[in-house]
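Residue numbers (our numbering): 218 to 1143.
Ideal Cβ positions, reconstructed from N, Cα and C, are used throughout, including at glycine.
Being a predicted model, the structure only gives us computed values, none of them experimental.
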Amino acid sequence: MPRRNSRTLLDRLRTPGRLSGFLKSASICVLVAGLLSPLAQTTATAAAPNDYCGGQCSDILPPGENGNATLAQILLNQAFGSQPDHAEDQLGPYANLAKGYPTLTNSTINTFFNDASFGVASDQVASTLSPAGRTDVTIVRDKKTGVPHITGTTRYGTEFGAGYAAAQDRLWLMDVFRHVGRGQLTGFAGGAASNQGLEQQFWRNAPYSEADLQAQIDNAVATNGARGQQALADANAYLAGINAYIDASDSGRYFPGEYVLTGHKDSITNAGTIDHFKLTDLVALASVIGALFGSGGGGEVNNAISLLAAQQQYGVTKGTEVWESFRERNDPEAVLTVHNGESFPYATKPADPQGEALPDSGSVTTEPLVYDATGTGADQSASAASATATANALTSAKRGMSNALVVSGKYTASGHPVAVFGPQTGYFAPQLLMLQEIQGPGISARGASFAGLSMYVELGRGQDYSWSATTSGQDIIDTYAVELCQDDYHYLYHGTCTAMDKIEQKNSWTPTTADGTAAGSYTMRVWRTKYGPVEYRATVGGKRVAYTTLRSSYMHEADSIIGFQMLNDPDYVKSPQTFQSAVQHINYTFNWFYADSAHTAYYNSGDNPVRASGVDAEFPVWAQTAYEWRNWNPTTNTADYTPASAHPNSIDQDYYISWNNKQAKDYTTAPWGDGSVHRGNLLEDRVRKLVAAGGVTRASLVKAMADASLADLRAEDVLPDLLKVINSSTVTDSTAAAAVTKLQTWLTAGGKRTETSAGSKKYADADAIRILDAWWPLLAKGIFEPGLGTALYTAFQANLPVDESPSAAHGPTGAHAGSSFQYGWWSYVDKDVRAVLGESVQGPLADKYCGGGSLSACRDILISTLKTAAGKTAAQVYPGDSLCSAGDQWCADSIVQRTLGGIKHYNISWQNRPTFQQVVEFTSHR
218 MPRRNSRTLL DRLRTPGRLS GFLKSASICV LVAGLLSPLA QTTATAAAPN
268 DYCGGQCSDI LPPGENGNAT LAQILLNQAF GSQPDHAEDQ LGPYANLAKG
318 YPTLTNSTIN TFFNDASFGV ASDQVASTLS PAGRTDVTIV RDKKTGVPHI
368 TGTTRYGTEF GAGYAAAQDR LWLMDVFRHV GRGQLTGFAG GAASNQGLEQ
418 QFWRNAPYSE ADLQAQIDNA VATNGARGQQ ALADANAYLA GINAYIDASD
468 SGRYFPGEYV LTGHKDSITN AGTIDHFKLT DLVALASVIG ALFGSGGGGE
518 VNNAISLLAA QQQYGVTKGT EVWESFRERN DPEAVLTVHN GESFPYATKP
568 ADPQGEALPD SGSVTTEPLV YDATGTGADQ SASAASATAT ANALTSAKRG
618 MSNALVVSGK YTASGHPVAV FGPQTGYFAP QLLMLQEIQG PGISARGASF
668 AGLSMYVELG RGQDYSWSAT TSGQDIIDTY AVELCQDDYH YLYHGTCTAM
718 DKIEQKNSWT PTTADGTAAG SYTMRVWRTK YGPVEYRATV GGKRVAYTTL
768 RSSYMHEADS IIGFQMLNDP DYVKSPQTFQ SAVQHINYTF NWFYADSAHT
818 AYYNSGDNPV RASGVDAEFP VWAQTAYEWR NWNPTTNTAD YTPASAHPNS
868 IDQDYYISWN NKQAKDYTTA PWGDGSVHRG NLLEDRVRKL VAAGGVTRAS
918 LVKAMADASL ADLRAEDVLP DLLKVINSST VTDSTAAAAV TKLQTWLTAG
968 GKRTETSAGS KKYADADAIR ILDAWWPLLA KGIFEPGLGT ALYTAFQANL
1018 PVDESPSAAH GPTGAHAGSS FQYGWWSYVD KDVRAVLGES VQGPLADKYC
1068 GGGSLSACRD ILISTLKTAA GKTAAQVYPG DSLCSAGDQW CADSIVQRTL
1118 GGIKHYNISW QNRPTFQQVV EFTSHR
């Protein structure tokens, strides 16, 4: 079948009136022709290459592999709900784990996952294609999932096939994201406010010209010897495959239907073009992925604002102490990935800070991005989208990342390591990632890759090893205060008044069938200095400054290709040590995990700049030579980086867990919230118990992950102490007593957000869940605002949001995103309540806040806020949105495959787990 697509850009396709009108004008011949498959069916047998997993490697990636759909398929989906083949066949198994995991066994794992063995059994071959008539590569697709298994006899043919398969499965999505990376989405896909916000969020931090994009390719090739040359050849072959599919689907008229609905192609005459991809498009795509998942840091201006607020509230000395206690740079109670006590100091607090450039109070303004807006580029929706995009772009709190559970063979039933891991990349239709297997000279891997960057498997398995990543978030972004001279667009660089570079992107749009947003336009404008783009304006000691952000991966979006190339090379990765060597070539900020039949390993990647002595990475510093990164070259944006040995790393620790938590002792990450309660604790507690008992299996480790995925972190780790305070005296108020009973009953049942039965769309303990959802923000405010004062309490929320429940709208994907409980004040509440109870607290807050430290006064606050929460109706707690009616608790939490094309899918019950996930246990080694 032709490959298919899905929704966010095309919400308006869901309007029945618009669809019926379009259907009336559509030729039935065109609809039928659009359903014809360009793939020839054969019974060819695909032989599996060397596979040492013994049938014990599995994976899953909802909603389905097929992310392309013809116009006819889109219209049928919108009108009747029909799905193209393999567009949705992984969504059900993925969703069913939420209720199916309690009875899971090793033999039933593939009820909820795919068999990720190499190759396709002869009786499971659905199709075999020699793309563009080539004789050096075949694309075999399996019957169950339609995943492409690409086998080449030449390197060029292998990569050509990878590009062709990528376009078959994700052409529209790839096109969308190359336009996002270039800041050109609205002109391509329509002017909806969500599209405006998306292009603004990413272009603000990576405003590259075509020359900038090409320079990054040239640099990656020039500095990496033979591997750089091979990467260039691979990328060119991959592009040739993509473009061959564009030509074939255009002439055959089975290209994605979104091109018609957005006005790029004519459904009757076939007039219009689908632009070929070029090398610089790949860099634009990489810049989006890097910004989403691999760029830790930023937030220094917000840090400075909250520090000043603390000092104004308490005085400089006490205010600084309070600020540091809430920052939790190196909290002794934080859950760690490397938990053997080894220290990896990075971005620690200097004894005598140098070069700080804190703004004058009240002087900070955010640098505008949008200028000369007209029409729907200037309306209220556009302004709201722009504000959200700016906040997302400038925060250090990157959301919705990934998790990993890896256990050494010493503690497993088989004696072989077991791993359950994957990236938490949100839920889209089509998915940002795609599955594939690539076998060819120097490449042997199966797994997931970001669409348009799939010349190599980025997360997956090789012949006898598997790897995955979670976002790490260590600080590779610094903020510099450049002193202005002459006017607002000149600054002092090493004593010379220097003009800023003006980079602009002009966008305009008109209504289309897909997006009826009325016409509008605007110009995005970034002022760039040698220290990076301008993000804020302020005064420092009365001097006018611009605050810029400098990222070590800026102008180096293509560099990580070498590390991914190595991970796919069976002649390179043969051991934990060679795995670590490979991922050291990846400049994104990730935690990398590895498992083979005998060993496990971990490494934290990223170009960590060596800062000048005395520079505190938490705050802006003056843009002066003394405070620059060591040996920084502004022309190439290169500097000295910390050596590999200084990055958290480990081989064969008893177990590893990661859920975007702190990596190791003394290793400071940019986001706030690495304290006593973190969602990483949900994994740590379960895996530690498994390891202590021994005999860990694939099934038991999946169960631990799945159990944690349904847990309400607040209920499991904080609610017991809250109830301890409340129950320190008899609860006489009937409303409060009833609420306490419901909460205690839920807690006794496990504190999970789970359906009463599969498909019921109703939570067990629904009232208790509603009460806690309403109570948490009220109790946090009741505990902390009186002591901190409104200004500081508000400022701290800019550093760390109070709550992140499943129904919250957060991050670049908004609500219904699955990922939850990553950022919140759970550690603050936990530490403070324990302190009031008189319990031991390591790394306590600077003061006791709840009731001013009085147990009875604290109890009064908790009971008062609990009563208020208990009185809130479900409709008040869950107000409803375009998908859910007010008061529908299950729906408010539910996961939506957010459409980036024309195909839509059903929503599924909430789970807090990776989007793409592997379950692996290798039985032997080369």
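> Are residue 926 and residue 507 close, meaning C-beta to C-beta below 9 angstroms?
Replying inline: No; because the gap between Cβ atoms is not below 9 angstroms, this pair is not in contact.
> Comparing alpha-carbon positions, which option in 565, 271, 489, 1011 lies nearest residue 881?
Replying inline: Closest in C-alpha terms to residue 881, from the list 565, 271, 489, 1011, comes 565.
> Is residue 743 helix, strand or coil by DSSP?
Replying inline: It is a strand residue.
> Would you report the Cα separation of residue 631 and residue 274, rounded to the nearest angstrom?
Replying inline: If you take the alpha carbons of residue 631 and residue 274, they lie about 15 angstroms apart.
> For residue 272, which option in 299, 294, 292, 338 has the closest C-alpha, if you only look at C-alpha atoms?
Replying inline: Considering only alpha carbons, the answer is 338.
>> To the nearest angstrom, how far is the alpha carbon of residue 580 from that of residue 622?
In response: Taking the Cα positions, residue 580 is about 46 angstroms away from residue 622.
> Excluding the five sequence neighbours on either side, which residues of its own chain have a C-beta within less than 8 angstroms of the C-beta of residue 1035, listed in chain order?
Replying inline: Taking C-beta separations shorter than 8 angstroms and ignoring five residues to either side along the sequence, the partners of residue 1035 in its chain run 617, 641, 643, 644, 1023, 1112, 1127, 1128, 1129, 1130, 1132, following chain order.
>> Suppose only complete runs of 3+ residues qualify. What are the beta strand (DSSP E) ranges in the stretch 962 to 1009, listed by chain order?
In response: Within the stretch 962 to 1009, no complete beta strand (DSSP E) run reaches 3 residues.
>> Once DSSP output is grouped into helix, strand and coil, what is the label at residue 508?
In response: Residue 508 sits in a helix when the DSSP states are folded into three classes.
> Smallest Cα separation from residue 520: which of 545, 1054, 812?
Replying inline: The shortest Cα separation from residue 520 among 545, 1054, 812 belongs to 545.
> Which residue or residues does DSSP assign as beta-bridge partners of residue 660?
Replying inline: Answer is 657.
> Does the stretch 1083 to 1096 come within contact of the stretch 936 to 953, defined as at least 3 CB pairs closer than 8 angstroms?
Replying inline: Enough Cβ pairs lie closer than 8 angstroms, so yes.
>> Suppose contacts are defined by Cβ-Cβ distances below 9 angstroms. Is residue 647 in contact with residue 1068 by that definition?
In response: Against a cut-off of 9 angstroms, the Cβ pair of residue 1068 and residue 647 comes out as no contact.
> For the candidate residues 523, 1108, 787, whose alpha-carbon lies nearest to that of residue 1016?
Replying inline: Of the candidates 523, 1108, 787, the one whose C-alpha sits nearest the C-alpha of residue 1016 is 523.
>> Could you compute how far the alpha carbon of residue 463 sits from the alpha carbon of residue 472?
In response: Taken atom to atom, the span from the alpha-carbon of residue 463 to that of residue 472 is near 7 angstroms.
>> Just to confirm my understanding: we take residue 859, look at its own chain, exclude 5 residues before and 5 after, and list those with CB closer than 7 angstroms. What are they?
In response: Residues 563, 825, 827 of the same chain have their beta carbon placed closer than 7 angstroms to that of residue 859, with the five preceding and five following residues left out of the count.
> Given residue 821, which residues of its chain have a CB within under 6 angstroms of its CB, disregarding the five upstream and five downstream residues?
Replying inline: Taking residue 821 as the centre and dropping the five residues before and after it, the same chain places the C-beta of 689, 808, 864, 865, 880 closer than 6 angstroms to its C-beta, in chain order.
>> Between the alpha carbons of residue 387 and residue 379, how many angstroms are there, rounded?
In response: Approximately 12 angstroms between the Cα atoms of the pair.
>> In this structure, how does DSSP classify residue 535 when only helix, strand and coil are distinguished?
In response: The three-state reading of DSSP puts residue 535 in helix, counting H, G and I together.
> Do you know offhand how far residue 590's Cα is from residue 603's?
Replying inline: For residue 590 and residue 603, the distance between alpha carbons rounds to 12 angstroms.
> Is DSSP giving residue 822 helix, strand or coil here?
Replying inline: In the structure shown, residue 822 sits in coil (DSSP, three-state: anything other than H, G, I, E or B).
>> Counting C-beta neighbours from all protein chains within 10 Å, is the total for residue 711 16 or more, i.e. buried, or is it exposed?
In response: Exposed.
>> For a minimum of 3 consecutive residues, which ranges assigned as the beta strand (DSSP E) are wholly contained in the stretch 870 to 901?
In response: Those beta strand (DSSP E) runs which fall completely within the stretch 870 to 901 and span 3+ residues are 872 to 875, 882 to 884.
> So residue 199 is in the beta strand (DSSP E); what residue range does that whole segment cover?
Replying inline: Examination of residue 199 is not possible in this model, given that the chain is present from 218 through 1143 alone.
> Run through DSSP, which three-state label would residue 768 get?
Replying inline: Correct three-state label for residue 768: strand.
> Would the beta-carbon of residue 762 fall within 9 angstroms of that of residue 939?
Replying inline: No, they are not a contact pair.
> Three-state secondary structure (DSSP) at residue 813?
Replying inline: Three-state result, residue 813: strand.
>> In chain order, what are the residue ranges of uninterrupted beta strand (DSSP E) at least 3 long that sit wholly in the stretch 326 to 384?
In response: Runs of the beta strand (DSSP E) spanning 3 or more residues and lying entirely within the stretch 326 to 384 occur at 342 to 346, 354 to 359, 365 to 369, in chain order.
> Residue ranges of each beta strand (DSSP E) run of no fewer than 3 residues wholly in the stretch 1010 to 1071, ordered along the chain?
Replying inline: Qualifying beta strand (DSSP E) stretches: none in this window.
>> For the alpha helix (DSSP H) containing residue 1133, name the first residue and the last one.
In response: For residue 1133, no alpha helix (DSSP H) segment is defined, and its DSSP state is neither H nor E.
> Nearest-angstrom Cα distance between residue 161 and residue 298?
Replying inline: What the structure shows of the chain is the stretch from 218 to 1143, and residue 161 is not part of that stretch, so it cannot be assessed.
> On the three-state DSSP scale, how would you describe residue 476?
Replying inline: Looking at residue 476 - three-state DSSP - the assignment turns out to be helix.
> What is the C-beta distance between residue 1025 and residue 988, in whole angstroms, given that I count them as a contact (C-beta under 8 angstroms)?
Replying inline: That pair is no contact at about 16 angstroms.
> For the putative contact between residue 651 and residue 661, defined by C-beta atoms under 8 angstroms, what is the C-beta separation to the nearest angstrom?
Replying inline: The pair is not a contact, with the Cβ atoms about 18 angstroms apart (cut-off 8 angstroms).
> How about the stretch 831 to 841 and the stretch 916 to 925: do they share at least three Cβ pairs that are nearer than 8 angstroms?
Replying inline: These segments do not touch.
>> In whole angstroms, give me the CA-to-CA distance for residue 256 and residue 928.
In response: Confidence is the limiting factor: at residue 256 the pLDDT is only 34, short of 50, which leaves the residue's position unreliable, though a coordinate-based value still follows. Their Cα atoms are separated by approximately 44 angstroms.
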